[in-house]
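The block underneath contains the structure these notes are about, expressed in C-alpha cells.
Number of protein chains: 8
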Amino acid sequence: LRTGFPEVIWGPGKTPQQIAQIMEAMRNRTSVIMATRIEPDVYGAIRAIVPDVHYYATARICALKSPPSPDHKPQIPGTIGILSAGTADLPVAEESAVTAELYGFGVQRLWDVGVAGIHRLLNNLHVLNDADVLIVVAGMEGALPSVVGGLADCPIVAVPTSVGYGASFNGLAPLLTMLNSCAAGIGVVNIDNGFGAAVLAGQILRTAAKLKAKSEKL
Amino acid sequence: LRTGFPEVIWGPGKTPQQIAQIMEAMRNRTSVIMATRIEPDVYGAIRAIVPDVHYYATARICALKSPPSPDHKPQIPGTIGILSAGTADLPVAEESAVTAELYGFGVQRLWDVGVAGIHRLLNNLHVLNDADVLIVVAGMEGALPSVVGGLADCPIVAVPTSVGYGASFNGLAPLLTMLNSCAAGIGVVNIDNGFGAAVLAGQILRTAAKLKAKSEKL
Amino acid sequence: LRTGFPEVIWGPGKTPQQIAQIMEAMRNRTSVIMATRIEPDVYGAIRAIVPDVHYYATARICALKSPPSPDHKPQIPGTIGILSAGTADLPVAEESAVTAELYGFGVQRLWDVGVAGIHRLLNNLHVLNDADVLIVVAGMEGALPSVVGGLADCPIVAVPTSVGYGASFNGLAPLLTMLNSCAAGIGVVNIDNGFGAAVLAGQILRTAAKLKAKSEKL
Amino acid sequence: LRTGFPEVIWGPGKTPQQIAQIMEAMRNRTSVIMATRIEPDVYGAIRAIVPDVHYYATARICALKSPPSPDHKPQIPGTIGILSAGTADLPVAEESAVTAELYGFGVQRLWDVGVAGIHRLLNNLHVLNDADVLIVVAGMEGALPSVVGGLADCPIVAVPTSVGYGASFNGLAPLLTMLNSCAAGIGVVNIDNGFGAAVLAGQILRTAAKLKAKSEKL
Amino acid sequence: LRTGFPEVIWGPGKTPQQIAQIMEAMRNRTSVIMATRIEPDVYGAIRAIVPDVHYYATARICALKSPPSPDHKPQIPGTIGILSAGTADLPVAEESAVTAELYGFGVQRLWDVGVAGIHRLLNNLHVLNDADVLIVVAGMEGALPSVVGGLADCPIVAVPTSVGYGASFNGLAPLLTMLNSCAAGIGVVNIDNGFGAAVLAGQILRTAAKLKAKSEKL
Amino acid sequence: LRTGFPEVIWGPGKTPQQIAQIMEAMRNRTSVIMATRIEPDVYGAIRAIVPDVHYYATARICALKSPPSPDHKPQIPGTIGILSAGTADLPVAEESAVTAELYGFGVQRLWDVGVAGIHRLLNNLHVLNDADVLIVVAGMEGALPSVVGGLADCPIVAVPTSVGYGASFNGLAPLLTMLNSCAAGIGVVNIDNGFGAAVLAGQILRTAAKLKAKSEKL
Amino acid sequence: LRTGFPEVIWGPGKTPQQIAQIMEAMRNRTSVIMATRIEPDVYGAIRAIVPDVHYYATARICALKSPPSPDHKPQIPGTIGILSAGTADLPVAEESAVTAELYGFGVQRLWDVGVAGIHRLLNNLHVLNDADVLIVVAGMEGALPSVVGGLADCPIVAVPTSVGYGASFNGLAPLLTMLNSCAAGIGVVNIDNGFGAAVLAGQILRTAAKLKAKSEKL
Amino acid sequence: LRTGFPEVIWGPGKTPQQIAQIMEAMRNRTSVIMATRIEPDVYGAIRAIVPDVHYYATARICALKSPPSPDHKPQIPGTIGILSAGTADLPVAEESAVTAELYGFGVQRLWDVGVAGIHRLLNNLHVLNDADVLIVVAGMEGALPSVVGGLADCPIVAVPTSVGYGASFNGLAPLLTMLNSCAAGIGVVNIDNGFGAAVLAGQILRTAAKLKAKSEKL
Ligand SMILES: Nc1ncnc2c1ncn2[C@@H]1O[C@H](COP(=O)(O)O)[C@@H](O)[C@H]1O
Ligand SMILES: Nc1ncnc2c1ncn2[C@@H]1O[C@H](COP(=O)(O)O)[C@@H](O)[C@H]1O
Ligand SMILES: Nc1ncnc2c1ncn2[C@@H]1O[C@H](COP(=O)(O)O)[C@@H](O)[C@H]1O
Ligand SMILES: Nc1ncnc2c1ncn2[C@@H]1O[C@H](COP(=O)(O)O)[C@@H](O)[C@H]1O
Ligand SMILES: [Mg+2]
Ligand SMILES: [Mg+2]
Ligand SMILES: [Mg+2]
Ligand SMILES: [Mg+2]
Ligand SMILES: [Mg+2]
Ligand SMILES: [Mg+2]
Ligand SMILES: [Mg+2]
Ligand SMILES: [Mg+2]
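Below is the structure:
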C-alpha cells in the first residue's frame, strides 16, 4: 500500500455483486471507495445493493464519496491541469479527473485541444501556466503531449488512448508517439490508463507538500 | 515511365563505376540526371569519372544539372513548401528539396520547426500560406504534419524519418503518427522517402498546370 | 478548420440521438452536413429525428445534402478518378466517392479492377487518363496502386483496406505494400480511410483552382 | 535426403576452408556440389584450395559442375520461368536460376518486369505461356506475383526479397503481400530464399515426369 | 480467369440472398459452383432459395455439384495427399479436400498426424509415398510440414491455421514456422487458406498433365 | 525553451568539430553546457578544441560545468534517488545522474539492486524513503520499477534500457513491462532515455519549489 | 502418449455433447478424465449427460475424478508450489493447481503475491522453501517469476497470463518479461497455459521419483 | 544467489581486463568460475592475464575449472541429454553442455537431429530414453522440441536460436514455435540462452537429489 492512495476496485471481470461487496467491506476503512471501468448497467446493479453509490457516467467510475465541491479548498495544494485532444478521449480524461478529485486534488479541465486545431490550445495557455502538473490525454496520433511539452513548464503525464482505427493498432501509435516525444520531461503511462496518470500526478503534488513540510521543520 | 519525371538512379548497392556509367548513358537523353543516397566518398569516385557531376552534400544527391538559380522562373507555376522538424531530419528534407528543384519546381524551405517549439512554426505561417503544396518531414514522434494539417489549406505530403532511437523503431513511430493524423488531407510516403515526396508534390503542381491548360482550351 | 472542407461527424461511439443533434446544430451553418460509418439501424434511428437525412448505404454515410446531379457542373474543375480492387473494398471506395461528391467534386468510379485480372484495368485506361487525381482503394495484398502508379500521370492517393484475413493483419499488409510502392508519386492514408483520401484529392483539385486564380490575377 | 536433390552447402557462418573441405568430401558422391551465399572474397579463398570450383557471381553460388550448355537437352522435361521485378532482386533470382540449372532443369529468365512498368511484363507474356512453373521474385512491395497469378496458367512460386528500405522491414512487406495475393495458386517461400524456390519448382517438374512414367507403365 | 479453375464465391460479408443469386447466375455457365466459409445457418438460408445446393459441413462449403464418387476416375491423373495435424485443423483441411474433389482431383486424406505423436505419421508413410503432391495443414506450432518435407519426395503446400491461443497470435506462429522450414521444396499459403492450397496443388497436377500432352505431340 | 532546463547537445550524428562549435557558441549564454552520447574518442577530439571540457565516462557526457561538490547545497531542495538493476544499465543510469547533477539537483545513487536479488534492494530502503522522486533504470525484463512502486511513496520515473538480447528486442520487453506495471504512479520514458528521465524528475522538484514559493506569497 | 500423463480434453471449439462423448469413451480406460476451458453453461450441459462429472469453477475444469483429499498421501513424492500475482490470474493458476492435483501431485497454493506488494511474498517464503518445483503465474507486467527466481532454490515454471490491457497486448508483455528474466533457471510456457505448466512441473517430480528408483536398483 | 549455482560472468560489453579481474576476484571463493559469450580474441587477451584459463571454443566459454573427466562420476545423479537440430545451432548447444559439465552434471550430446531428417532422431531414441531431463536446441523453424516432446518421458527445456534468416526474425520464429508446442511438458528459455537452459536442467536434477535426501531422512 502506497501511503495516501487507497486501493481502488478494478471493475472488469467482477460481477456487480462482487463490486458491491468489496465496497461495503471497505466502508469505514478508507477515505476513498471507488471502482473504475463500470458500464451503466453494472452501475444500476450495484446501486440496487449499495444505494448511496454515485456514478460518474463519462468517467465510468462508481464511488461512495462525491468529489469536493468547487469552493472546498483541497488539502494538498496545487492544481492538476488535464487536457484532452478529442471528444472520444473524454472517458479516459474524465477517469483521470474524477480519480484526482476523489483523492482530494484540485483539477482544471481543458477538453478538445487536439493539435489539428492548435489555436484552441494557444488560446488557453493560462490553463497550462496555472497547472502545477499536467495530464495530457490523446488518441489517434497522440501528438498533443509533444506540443504541450514545448509550451508548459511543469511535469507532464501523457496518456495514450485506444481511440482511433486502422494503423492506430489499439493505441500503439499514440503510445509510441508519446515515448518518442522530442520534448523532454514527459512520463508516459499505459494505454487508456487515466487512473494511473491521476495517481502519478497526485504523487507529484504530494511530493511538493512533503518537501514544504520538511523545509518548515528545519 | 511517368511523363515529366525522368527516372533517377538509386545509389545504394551500386558501385561508383556503375552509377557513372548509367549517368553517361542517360546524358543527352533526359533533362534531369541524378542519383540519390550518395555518400561523400562515392561522390568522389564518381567525379573522377564524370567531372561535371555536382554534389548536394546534405541531400546526398549527385546530379549533372544544377538547380535553377533563384531568379530563374520555374516552368510549372506554384511553390512547394518544405518543412522539417529537427536538424537530424535535414538529409531527408534536402533530398526532397533538391529533387524538386532539379525537376524544375519552385521550393521554399523552412527548417527546424518541430512541435516542441511551436512558436517557431507559428512565426513562419507565411511559408504555409504561400505554398501550393507542402512536404512535411519529421522523425522521432513525427507530430509536425498533424499540426501543419490544422494550419495550412493545401495538400500535405508527410515524410516520416528514421531519426530517433529506442521506441521509434527506425521510423515506425513517426510513420504510424502520420497515418493516424487527425487532420485529414495528408498523404504519407515511406520512411526517409524524401525523393518520393518530391515526385508526389511535383505531380500535384503539374495537375494544376494541366487543369489550367485544359480550361484555357475550352 | 481548413477552408472549404467543413467538419464531418465521425459516427462510431456516438448515439443516433447525438448524431442527430449535431446535424441539427450544423444546419444552416455549413454547406455539407454528413456523418460517416453509419450502420443501417443507426440511420433508421437518425431519420426518425431528422426526416430529411439521406443515406448512402454502401458508403455508410448519412447526409443532409444530396450529391450534385450528373449534369450539375462542379464548381471546382477537375475529376477525381476512384478505383477499387475487389467487391469487398466497395464501402471504403464509396466513402471516398460520396464524400468527394458531397464536397462538390467531379467523380469517376472504376470498380473491381484488382491486379489478379489486370486486363479489366488495361481496358479502362481512359479513366486513368481522364482523371486529374486518382484514389486507389485495395485490400488483401494492396497491389493496385503500384500498377496504377506506372500507368497514370497524375497524383495518386492510396487507401489500404482491412479486407482480407490471416496474414493481412487487419490491413497491415496492404498498408505496407502501398508505402513500399516502387512507383513514386503515391501518398498513403490510414487503413479504411476513404474519407481522408477524398479530402486529400479534393485539396489537390482546389490547389489547381487556386493556382489558376493566382495566375489570372497577374 | 529427398531423392534427386543432393544437399547443398549453406555458406554463411562457414570458413572457406570448411566449405572447401565439404566440397572435396562430396566429390564423386553426388552429381551436384554447390555452396550458396558465397561472397567474392570467400570464393577466392575456396578456389585456392579447390581449383576447379566455378563462381556464379550474381547468384553468389560456388559449384563444381557447370550448368548444362544451351543445346544440352535437360533430362527432366519442362521449363522453369523465372521473373524478377527490379535490378536489386537479381541476386535472389539468379540464385534460383543457377540452382535450377545445376540440378538439370530448363530455365527461362525474364528480368526487370516490376509492376510499376506493367507493359514490359505484358510484352513478354510468351515467357509466362511457355513456362510449366514460374518463380516470381520481388522486393519492396512485392506485387509482381499477384499480377502474374492473373496472367499465367501454371503453378507459381513467389519469393519475397529483402530489397527495399523503411517500411519494407527487411522483406516483411513483400512477404505479407505475397501471402495475401488475391490470385490463388501461389506458394510462398522465405525472404530471399531463391534456393528453396528452385527446389520447389524442380519438385513440380519431377512430379510431372514421375506421373508420366506411372501412366506409361499402365 | 485462370483456365480450369472456375471462380468460387467467398462467403464472408455476403448475405445468403447474394450468394444464392450469384450461384444461380453461374449455373449452366461453369462446371463447379461453390461458396466457401459458409456457416450452417447461412447454408440453411441458401437452401431455401437454391434447393439443390449441397453442404459440406466440416469444410463449410456449399456447392451445386457433388464430388466425384470414389470409383469415378478423375480426369487429371495424380493424387493430392492432404495431411492435418490436429482435430481443430479439420475445417481448413476439409476446405482443401472438398475444393480439390469438386475440381475433379483425386484426394487422399490423412488426419491427426501431428508431430507430438510422430509414430502415427510414420505408420502412414504410404500416403506420403502414393501422393503426387501434398497439402499439409497445421496450427499451433505448425511443425508438421518440416517433418513431412524430410520424408516425402514431392512438392508440398503448407497451410498454417489460426488454431491455437496466446503466442500463436492467430496463426502467425505456424506461418513463420512453415516459412522457415529447414526442408526445402515447401510453398506456403495464407493462414487458414485451404482453398488456395487446393488450387496450387491442382495447378501442379495440371502442369504434369499438360507436360505429358506436350511430349506426346512431339 | 522550457524554463530552467537549458538545451543540451545530442551527440550522435554530429562531428566533434560541430559539437565543439555549438559548445563555444553556448558559452556565457547558458548555465549548463553539455553533450550526451559522447564516445571516448569523440571526447578526445572535442577536448583538443575545447580544453576545459569535462568527460563523465560512464555517463558518456561532455560538459563545461562540473557537478556541484558534495557539500554544495543544491538551490532546488529535494533529492532524486536513482536506482539501477544491473551493471550494464549503468551508462543510462549515470546519464540520468550526471544530467541531474549538472542541472543542480541533489542525487542519491543506488546501483545493482535488480529484482533477482531482492534483498539488496530491501537492505537499502532508506534510499527509497529519503528520495523525493525516484528514477528507476532497468533492462532485460525491467521488473525493478514495479517492485519499487510497491515500496516507495513518491513519484517514479521508469527508464527501460536496451540491455539484454533475444526476446528483449532492443528494449521492447522492459518498456512493455514498465507500461504494464501493476503499481500505479509510474511514468515511463523512451528506451535508454536517461536524460529525459532526469528532466522529468527535475521538473517534479521544481514544481515543489514553485508551489512552496506560491504558498509563501499568500 | 507420454507415460503417466493421460490425454486431457481441450474444451474450446467442442460442443458439450462432443465433450461428454469423449469422456464416456475414456471412462475405464485412463485414471484421469478431464476437460479444460469449460464455461459454467457448458458444464451444465455436460452434467445433463454425464451426471458424475465434477466442476472446478475457478479452474474452469470438468473431471470425472475428484482431487485427492488433503490426508491422501500422493504417490509421487514432492510438492508443487503455485504462486499467482493478482486476483485476475486465478483461473490460470487454478488450472495449474487442479490439473496437478488430478494427476496425483501434492500442491501448495499461494495467491495474490504480486510484486507491487512484495512484503506479502516475503512473509510467505516458507512456501517457496517447502516446494520442490514452483509454478509462478502472473499477468500485466509479469515480474513475479524474476523475483521468485532470486528467492527460491528449485526449478521454476513461469506462466504469463492475458490479464491486463493496452500495452500488455494480450499477454505479450508478461511473456517477454519472463523470457528475459535475469534470474536463470526459469522455463516459460504459452500465455494462459496453466495446464502445460502443471504437466511440466509434474514431469519434474516424476523425474525425481524415477531417479530415486534407479539409484535404489543399483 | 541461488544455492549450488555460482554466478557466471556475462562477457559482452566487458573488456578482457574487466573479465580477468572479476575471475581473479572470484578465485578461491566459488567452485566454478566461468565467463560466457567470449570471442577467440577476447580469450587471447584474458589468457595473457590469467594463464590458467581454459577456452571452450564452440561454446565460447572461458573457465578456470575444466569439466569432469568422462570416468569422473558426477556428484548429482542423473543425465542431461542435449539435442541440437542443425550445425549452426552448435554454439548454443555447447554453451548448455559445457555449462552443465562445469557445474558437475552428467551430459549426453546428440547433435544434428533436425526434424527434416527425422530418421536420425529415431535412430537415437536411446539418448532420449537414458536422459533424466532434455535440453533441445533448434533455430529456423524450431520444430525439434515438439517432436521430442512426443517421444520422451521427461522434462524438456527448449532453446530457440537466432540461426536462420528472413522470416526467422532473429529467433522469433522458433521462439513462437516452441511456446505453441502441442506437446505439453516443455519449458522455453530466451533466444540463444544455452546457459539458462543448463541452469534449469541442473535445478531439475538437484530437485531430484534433494527429494531423495528428504525421503531418506524419513
Ligand atoms: N482504471 C484503472 N486503470 C488502471 N489500473 C487500475 C484502474 N482501476 C484500478 N486499477 C488498479 O487495480 C487495482 C485493483 O485491482 P483489483 O484488486 O482487481 O480490484 C488497484 O489497486 C489499482 O492499482
Ligand atoms: N531516394 C530515393 N528514395 C526512393 N526511391 C528512389 C530514390 N532514388 C531513386 N528511387 C527510385 O529508384 C528508381 C531507380 O532504381 P534503380 O533502377 O535501382 O536505380 C527510380 O526510378 C526511383 O523510382
Ligand atoms: N541459399 C539457400 N537458401 C536456403 N536454404 C539453403 C540455401 N543453401 C543451402 N540451404 C539449405 O541449407 C542446407 C545445408 O546447410 P548446412 O548443412 O549448414 O550447409 C541445405 O540442405 C539446404 O537445405
Ligand atoms: N541523451 C539524450 N536523450 C534524449 N534526448 C536528448 C539527449 N541529449 C539531448 N537530447 C535532446 O536533444 C536536443 C538537442 O538535439 P540537437 O539539437 O540535435 O543537439 C536537446 O534539447 C534534448 O531535448
Ligand atoms: Mg492528438
Ligand atoms: Mg516532430
Ligand atoms: Mg489488390
Ligand atoms: Mg514488385
Ligand atoms: Mg503441428
Ligand atoms: Mg530488472
Ligand atoms: Mg506481476
Ligand atoms: Mg528444427
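Chains as they are written, first to last, in this note's numbering: chain A, 1 to 218; chain B, 219 to 436; chain C, 437 to 654; chain D, 655 to 872; chain E, 873 to 1090; chain F, 1091 to 1308; chain G, 1309 to 1526; chain H, 1527 to 1744.
Each residue gets a CB set at the ideal place from its N, CA and C atoms; glycine is no exception.
As the structure is a computational prediction, the values presented were derived from the model and not from experiment.
Check whether residue i and residue j have beta carbons under 8 Å apart
i: PRO1686/H; j: LEU1701/H; result: yes
i: ALA1085/E; j: PRO949/E; result: no
i: GLY1720/H; j: THR1584/H; result: no
i: GLY885/E; j: ALA907/E; result: no
Counterpart residues of residue i in DSSP-defined beta bridges
i: VAL922/E; result: VAL922/E pairs with nothing; no bridge assigned.
i: GLN326/B; result: GLY299/B
i: MET1560/H; result: ALA1589/H
Integer-rounded CB distance, given that residue j should sit under 8 Å from residue i
i: VAL791/D; j: ALA747/D; result: 4 Å
i: GLY607/C; j: GLY166/A; result: 6 Å
i: VAL375/B; j: GLY405/B; result: 6 Å
i: VAL1421/G; j: ALA1393/G; result: 7 Å
Proximity test, Cβ basis, 8 Å: residue i and chain B
i: ILE624/C; result: Looking at the sequence itself, residue 624/C is Val, so the reference to Ile does not match. So yes, VAL624/C belongs to the interface.
Proximity test, Cβ basis, 8 Å: residue i and chain G
i: ASP132/A; result: no
i: PRO1532/H; result: no
i: ALA935/E; result: no
i: ALA965/E; result: no
Cutoff 8 Å: residue i Cβ touching any chain H Cβ
i: GLY1545/G; result: Outside the displayed range of chain G (1309 to 1526) lies residue 1545/G, so it cannot be described from this structure.
i: ALA1149/F; result: no
i: ILE789/D; result: no
i: ALA1359/G; result: Correcting the residue type first, residue 1359/G is Pro in the shown sequence and not Ala. So no, PRO1359/G is outside the interface.
Residue-chain proximity (residue i, chain A), Cβ-Cβ < 8 Å
i: GLY403/B; result: no
i: THR1297/F; result: yes
### Against chain A: residues of the region 1501-1513 of chain G by CB proximity under 7 Å
Residues of the region 1501-1513 of chain G whose Cβ lies closer than 7 Å to any Cβ of chain A: none.
### Where the region 600-619 of chain C meets chain E: residues whose CB sits under 7 Å from a CB there
Per Cβ criterion, the list reads TYR601, GLY602 and ALA603.
### Task
Check distances from the C-beta atoms of the region 578-593 of chain C to those of chain B and list, in chain order, the residues that come in under 7 Å.
Residues passing the 7 Å Cβ filter: ASP589, CYS590, PRO591 and VAL593.
#### Entry: Residues, ordered as in the chain, of the region 1321-1354 of chain G that lie near chain E by beta-carbon distance below 8 Å
Within the region 1321-1354 of chain G, the residues whose Cβ lies closer than 8 Å to any Cβ of chain E are, in chain order, GLY1321.
### Query
Using a Cβ cut-off of 9 Å, which residues of the region 977-991 of chain E contact any Cβ in chain H, in chain order?
Interface annotation for the region 977-991 of chain E against chain H: GLY986, VAL987, ALA988, GLY989, ILE990 and HIS991, criterion Cβ-Cβ distance under 9 Å.
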